[in-house]
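Asker:
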Amino acid sequence: MTGGGSGIGAALVRALVDAGAHVVVADLDEVAAQRVADEVTGRADVTGTARAVRLDVTDAAAVQAAVDDVVARGGRIDLLFNNAGITFGGETEDLALAHWDAIIDVNIRGVVHGVAAAYPHMVRQGAGGTAWGGHVVNTASMGGLMAAGLITSYVMTKHAVVGLSLALRTEAAAKGVGVTVICPAAVETPILEKGHLGRFHGRDYYLKGQGVRRPLDPDVLAAEALAAVASDRPLLVTPRPARIAWRVGRLAPAFA
Ligand code: NAD
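Put into structure tokens, the structure is as follows:
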């Protein structure tokens, strides 16, 4: 679980451990990752486990090493959640080139690094489509399906994640590997204040643009996401106002 130390990633870790999974909480913020792992580990009522590692998803070699370590320890990798993401609020004319590079590095290259490291293992595990190879889950955003009123640089990166996910899905299916892309509207996590709300037109403007009254609870999103993965749904859009349903229908009718 990349970005497992906070927000949506932390909620997904809780839900996965509750379901009995053995999860690596991988985050740039090692302290936060350890806090999440400590929170869920050792509870008498669950068989799942979590261990924390410091991981920068922009470092391809480190992502490969983390994935290989999972395979070395457990014999296989069942799930990869490419969830780490960043945003920069504000107007595009105020964005330095270094910010563009940074958001591309984390939100696009970070996902590519995860796929490049884990997908070949999963294809091998899928044994030519005769076995379950594993499942890749990418956290995009509703901003990966629509653009108006959202942050340009962020929308660009999340459209890339949606495109990568839906294309890979069609290729991976024959090889026994599933792919799901999660496209939530606003979720109540630190990223909202850090970027989307704090420096961009304010909370009401941002929420209205997405057709929602209030941000989603990350634990509710995590439960919906795991249900989507369990039923091998390609695309989870939540909540799904009418105009998003329309957009999804036009963008990717096969996935609507
Ligand atoms: P968050 O800021 O609470 O968590 C993001 C986590 O990613 C943090 O723990 C951070 O340390 C980690 N991270 C950042 N850069 C990293 C790097 N280079 N390597 C490894 N870890 C790194 O935000 P969140 O809302 O939980 O975001 C999770 C994902 O959900 C992101 O991809 C975000 O774009 C997406 N998303 C969020 C919302 C929302 O409204 N919160 C909506 C749609 C999609």
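Note that full-length UniProt numbering numbers the sequence shown so that position 161 is 161, with each residue one more than the last. Positions of the beta carbon are idealized from the N, C-alpha and C atoms, including for glycine.
Mind checking whether residue 142 and residue 237 have CB atoms under 8 Å apart?
Answerer: Yes, they are a contact pair.
Asker: Straight-line CA distance for residue 85 to residue 188?
Answerer: 15 Å
Asker: Of all the options 51, 16, 46 and 127, which has the alpha carbon lying nearest to the alpha carbon of residue 31?
Answerer: 51
Asker: When you compare only the Cα positions, how much space is there between residue 215 and residue 194?
Answerer: 15 Å
Asker: Taking a contact to mean a Cβ-Cβ separation below 8 Å, would you say residue 4 touches residue 38 in this structure?
Answerer: no
Asker: Quick check: residue 162 and residue 140, are their CB atoms within less than 8 Å of each other?
Answerer: yes
Asker: Kindly identify the DSSP beta-bridge partner or partners of residue 138.
Answerer: Answer is 82 and 181, bridged to residue 138.
Asker: Could you check whether the segment 63-75 touches the segment 112-119, counting it as contact only if at least three pairs of C-beta atoms, one from each stretch, sit closer than 8 Å?
Answerer: yes
Asker: Can you list, in chain order, the residues of its chain whose CB lies under 7 Å from that of residue 106, leaving out five sequence neighbours each side?
Answerer: 57, 58, 84, 85 and 86
Asker: Express the C-alpha separation of residue 159 and residue 103 in angstroms, rounding to a whole number.
Answerer: 13 Å
Asker: What did DSSP end up calling residue 257 once you bin it into helix, strand or coil?
Answerer: Since the displayed the chain opens at 1 and closes at 256, residue 257 lies outside it and no answer follows.
Asker: Sorted by chain position, which residues of the same chain lie with C-beta nearer than 7 Å to residue 190's C-beta, five sequence neighbours on each side aside?
Answerer: Around residue 190, the same chain offers 6 and 7 as residues with beta carbons nearer than 7 Å, after the five sequence neighbours per side are excluded.
Asker: Quick one: what's residue 22 bridged to in DSSP?
Answerer: 49
Asker: Are the CB atoms of residue 212 and residue 239 nearer to each other than 8 Å?
Answerer: yes
Asker: Under three-state DSSP, which class holds residue 57?
Answerer: coil
Asker: With a threshold of 16 other CB atoms inside 10 Å of the CB of residue 175, please say whether the residue is buried or exposed.
Answerer: By the 10 Å Cβ count, residue 175 comes out buried.
Asker: If you measure between the beta carbons of residue 2 and residue 79, is that distance less than 8 Å?
Answerer: no
Asker: Taking only heavy atoms of ligand 1 into account, decide whether any of them is closer than 7 Å to the Cβ of residue 106.
Answerer: Correct: residue 106 has its Cβ closer than 7 Å to ligand 1.
Asker: Just curious, the alpha helix (DSSP H) that residue 155 is in, first and last residue?
Answerer: Residue 155 -> alpha helix (DSSP H) spans 152-172.
Asker: Using only the alpha-carbon positions, how far apart do residue 96 and residue 148 sit?
Answerer: 22 Å
Asker: I need the boundaries of the beta strand (DSSP E) containing residue 236, first residue and last residue.
Answerer: 235-238
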